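Residue numbers (my numbering): 6 to 394.
To start, the structure itself, in structure tokens.
Set out below in structure tokens:
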């Protein structure tokens, strides 16, 4: 980024009191993410490329004030105690304009051999998009039309999981699904005013409204919702609670930080204790509806393009999996993907033919697909260049 295109307010000193002005400038630049770090310049990320946004460095006192602005007085002791902080920040606009919201993560790091802080902020759209706006394939959109079972949306951070989940949630509300409950850490998209007379949306923040996802899910069951959206199935307790909710007949939609359908199954099964893996794995497969994995790749003409891999777990596939040893499930799922053609390589070939991704990305995804078929696949190969790990 040239000096002329940097934030004008950051030429001589970064004033934390002007952070909202800086954030709105970043939004105008098309940033998807904003980053602050002690004794470093501020950065923004546009179309997956990190760019320096200020000439001056953000010093320690300024970072301390930013932490207080985003979370409060307890931010510093929490960070020094080894905790990461997830929260949200809202910038109010003029009268009649929608506020701009950001997802915020604060974490301790080391800079120049001393304690420091990194703040990473995700720019959130003002309103959740519609499924049609995202160009979602019909089979991928189907779980939000039928409203049943467990649907997993997977990918690395920054791959658009939350956006896809929000678009699906909007579809539930607009089609009158009934009671819809979300549990998020923090709340990202706001659904105020979306839906009609046959849908009610309730959003809860973890840990502000409930201490954890498991407790929130238990409370949700008493409300008899038609659907529950869980921001992330990040641990064994949450995975078990999600499966239990789906087993009660509630449609559950959640995300995990995995790449690829087969890798998702392998990693979630690995969460269960070995002695209980057979029983709990069977319960997991029994409620599973669809697994969709997504990645964002840079487009030659600018912006980013979403590639998706997905598999619907119909009765035939479920019966085949439950009749086979779990050690064979990954290979069986890979074979089912090959049969449907709904895998990353096919998506990459279509996107390349349409000029939406470059040749280097096509070659990399094709190579990863070939390795996976040979049993040597590693989902790290599928991480888009520059995408967060």
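Idealized CB from N, CA, C, for every residue including glycine.
Quick caveat: nothing in here was measured; it's all calculated off a predicted structure.
Validate contact between the segment 137-156 and the segment 199-215 using beta carbons, cut 8 Å, 3 pairs: no
Could you check if residue 299 is buried or exposed, using at least 16 other CB atoms within 10 Å of its CB as the buried criterion? Buried is the call here.
Looking only at its own chain, which residues have a Cβ that is under 6 Å from the Cβ of residue 394, when we skip the five neighbours before and after it? Because residue 394 sits at a pLDDT of 32, beneath the cut-off of 50, its placement in the model cannot be relied upon, and the following sentence gives the value as read from the coordinates. Closer than 6 Å at the Cβ level, and outside the excluded window around residue 394, lies no residue.
Less than 6 Å between C-beta atoms, sequence neighbours within five positions excluded: which residues of the same chain meet that for residue 371? 350
Thinking C-alpha only, which one of 256, 273, 258 and 257 is nearest residue 264? 273
Give me the Cα-Cα distance between residue 118 and residue 374, rounded to the nearest whole angstrom. 41 Å
DSSP state of residue 149 mapped onto helix, strand, coil: helix
Let me check one thing: in DSSP terms, what residues is residue 49 bridge-paired to? According to DSSP, residue 49 bridges with 39 and 56.
Where does residue 34 sit, in a helix, a strand or coil, going by DSSP? coil
Which listed residue (296, 318 and 14) has its alpha carbon closest to that of residue 166: The residue from 296, 318 and 14 with its alpha-carbon nearest to that of residue 166 is 296.
Which runs of the alpha helix (DSSP H), 4 residues or longer, sit entirely within the segment 88-155? 143-146 and 148-151
Is it right to say residue 28 is buried, meaning 16 or more other beta carbons lie within 10 angstroms of its own, or is it exposed? With 16 or more Cβ atoms within 10 Å of its Cβ, residue 28 is classed as buried.
Counterpart residues of residue 206 in DSSP-defined beta bridges: 185
Using 10 angstroms around the beta-carbon of residue 384, count the other beta-carbons present and answer buried if the total reaches 16, otherwise exposed. Only weak support is given to the placement of residue 384: the predicted model assigns it a pLDDT of 47, under 50, and the value that follows is read from those uncertain coordinates. Answer is buried; the Cβ neighbour count reaches 16.
Cα-Cα separation between residue 353 and residue 366, rounded to whole angstroms: Cα to Cα, residue 353 sits roughly 8 Å from residue 366.
Nonlocal neighbours in the same chain, by C-beta distance under 7 Å from residue 329, ignoring five residues either side: If we look at residue 329 and ignore the five residues flanking it on each side, its Cβ neighbours are 337.
Identify whether residue 176 lies in helix, strand or coil by the three-state DSSP scheme. helix
I'd like the list of long-range same chain contacts for residue 46, defined as Cβ closer than 6 Å, with 5 residues on each side in sequence excluded. 57, 59 and 62
Does the segment 122-142 come into contact with the segment 232-246, if we say contact requires no fewer than three beta-carbon pairs (one atom in each stretch) closer than 8 Å? no
Residue 292 vs residue 155 beta-carbon contact at 8 Å: yes
Paired residues, beta bridge with residue 310 - DSSP: DSSP lists 302 as partners of residue 310.
Over the uninterrupted alpha helix (DSSP H) stretch that includes residue 343, give me the two end residues. Counting along the chain, the alpha helix (DSSP H) containing residue 343 begins and ends at 334-345.
So, at 7 Å on beta carbons, what are the nonlocal neighbours of residue 230 in its own chain, with the 5 sequence-adjacent residues on each side left out? 184, 185, 186 and 255
Going by other Cβ atoms of all chains shown within 10 Å of its Cβ, with 16 needed for buried, is residue 168 buried or exposed? With 16 or more Cβ atoms within 10 Å of its Cβ, residue 168 is classed as buried.
Can you give the Cα-Cα distance for residue 226 and residue 21, rounded to whole angstroms? 43 Å
Assuming the contact rule is C-beta atoms closer than 8 Å, residue 262 and residue 314 should be a hit. Round their C-beta distance to whole Å, please. Residue 262 to residue 314, Cβ: 15 Å. No contact.
Contact between the segment 187-205 and the segment 89-100 is defined here as three or more beta-carbon pairs at a separation below 8 Å; is this criterion met? yes
How long is the line joining the alpha carbons of residue 218 and residue 110, rounded to whole angstroms? Cα to Cα, residue 218 sits roughly 18 Å from residue 110.
Just to confirm before moving on: does the CB-CB distance between residue 72 and residue 64 stay below 8 Å? no
Burial state of residue 54 (16 or more Cβ within 10 Å): By the C-beta density criterion, residue 54 is exposed, having fewer than 16 other C-beta atoms within 10 angstroms.
Residue 178 classed as buried or exposed, judged by whether at least 16 other C-beta atoms fall within 10 angstroms: Classification of residue 178: buried, given that the 10 Å Cβ count is 16 or more.
Euclidean distance between Cα positions of residue 78 and residue 106: Rounded to whole angstroms, residue 78 to residue 106 spans 21 Å at the Cα level.
Mind checking whether residue 252 and residue 288 have CB atoms under 8 Å apart? Cβ distance < 8 Å, so residue 252 and residue 288 count as in contact.
Could you tell me the distance, in whole angstroms, from the CA atom of residue 124 to the CA atom of residue 323? 43 Å
Would residue 159 and residue 260 qualify as a contact pair, given that the criterion is a beta-carbon distance under 8 Å? The Cβ atoms of residue 159 and residue 260 lie closer than 8 Å to each other.
Excluding five sequence neighbours on each side, which residues of the same chain lie with their C-beta closer than 6 Å to the C-beta of residue 70? 21
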